[in-house]
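Quick notes on the structure that follows.
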Amino acid sequence: MSRVNKNPHAGKTGPTREFIKLVNDMARQRRHSDIIRDFAECAYLAIAQRVPFTAPERAAQMEERFVEIVKRGGGEPYRDQLSRLLAMTVDGLEEGGDFFGAMVADLGALNEGFGQYFTPFEVSRLMAEINLPDDEMRRLVEANGFVTGCEPAAGSGGMIIAFSEVMKSRGFSPATHLWFTAVDIDPFCFHLCYVQLALLDICADVYLGDSIANRFQEVASTPAKLRFLATHGSKVSDYVRQSRIEPTAPVATAPARVPAPQLDLFGGAP
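If you read the sequence shown in our numbering, its first letter stands for residue 11, the second for the next number, and so on.
Right under this line is the structure:
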């Protein structure tokens with residue numbers, strides 16, 4: 011793991027500062043990296059388990075894993091703290107940009123063995139502007155109804171967030187006009203990316219795996235994909251067929267299920 015910034019509050023304001031402050035308070039008996047990784051995984055489990063695309067067997071495994079993490083962290087007080095971190099994440103994302111971005115480096119949660127370094131969001135935004143000119147975006151939306159993208163080393167999802175912000179600035183909805191595939195080999199990044207894209211209402215299939223070797227252990231679709239499929243219907247299947255894509259994530263709506271209350275990080279049982 012990377013080293014914890016000795017003064018991670020420096021220069022931070024609003025939800026970011028409050029998030030780091032709470033993690034610091036929680037880290038009196040545990041490492042910062044363990045706490046932020048617990049949070050990322052629990053937030054992922056709490057959101058992904060509620061999405062109808064998640065198979066019942068996988069949902070049951072998610073519930074068991076969630077309970078295991080909370081119990082290991084100290085039970086209900088730990089769950090309450092994780093819930094507060096999630097609320098701060100929502101507030102932080104409303105301010106724009108990649109909320110987790112540089113913050114996870116300050117908290118010592120990056121994996122130096124993977125050579126992890128998250129691209130500054132300003133750079134991601136510039137790259138999005140350059141790679142998706144306004145006229146090209148409008149041509150793609152007119153032709154297909156949406157724009158697709160693939161991020162093979164997604165990290166916390168900063169590049170995808172930048173693309174979605176560019177789309178919104180041009181009058182399009184990331185939930186209905188953008189369909190992204192995101193991949194990362196690190197479970198921590200997989201969780202971070204999924205949480206941010208899900209909370210930002212971005213349609214995405216997020217994969218845990220190796221994009222070079224084309225080997226994947228897990229895939230989770232964000233809640234926005236339900237609206238994306240409802241909006242475009244058969245256009246999605248037509249696009250997949252014409253593009254010769256071999257989807258491993260679902261392209262049709264699955265039956266709804268009742269979520270398990272143990273997995274609630276949203277302030278009460280569903």
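Beta carbons: idealized from backbone N, C-alpha and C, even for Gly. Bear in mind the structure is a predicted one, so any value in this text is a computation, not a measurement.
- Distance from the CA atom of K81 to the CA atom of D144, rounded to whole angstroms, is 49 Å.
- Counting along the chain, the unbroken alpha helix (DSSP H) around S43 starts and ends at H42 to A58.
- Looking at the backbone, the Cα of G219 and that of Q227 are separated by about 6 Å.
- Non-local beta-carbon contacts of E51 in its own chain, meaning distances under 6 Å to residues more than five positions away in sequence, involve H201 in chain order.
- In the DSSP assignment, E152 falls within the unbroken alpha helix (DSSP H) covering D144 to N154.
- The shortest C-alpha to C-alpha distance from V246 to any of D211, P66, G168 and F156 is the one to F156.
- When rounded, the separation of the alpha-carbon atoms in T191 and R47 is 22 Å.
- Closest in C-alpha terms to M113, from the list Q59, G165, W189 and R180, comes G165.
- Residue pairing by DSSP places R225 opposite D220 in a beta bridge.
- Spanning the alpha carbons of E152 and S231 requires a straight line of approximately 25 Å.
- About 12 Å separates the Cβ atoms of F131 and G102, ruling out a contact at the 8 Å cut-off.
- Following the DSSP letters along the chain, one finds T158 inside the beta strand (DSSP E) bounded by residues V157 to E161.
- The Cβ atoms of R94 and L32 lie closer than 8 Å to each other.
- The three-state secondary structure of V176, taken from DSSP, is helix.
- In this structure, L142 and F173 form a Cβ contact; the two beta carbons are roughly 6 Å apart against a cut-off of 8 Å.
- Under the three-state reduction of DSSP, D116 is assigned to helix.
- Within its own chain, the residues whose Cβ lies closer than 7 Å to the Cβ of L55, once the five positions on either side in sequence are excluded, are M72, R75, F76 and L273, listed in chain order.
- Under the three-state reduction of DSSP output, A185 falls in the coil class, being neither helix nor strand.
- Ranked by Cα distance from G24, the options E104, D35, E175 and R149 are led by E104.
- Straight through space, the alpha carbons of F238 and I140 are spaced by roughly 25 Å.
- Cα atoms of P62 and L117: separation of roughly 33 Å, rounded to the nearest angstrom.
- Less than 8 Å separates the beta-carbon of V100 from that of L209.
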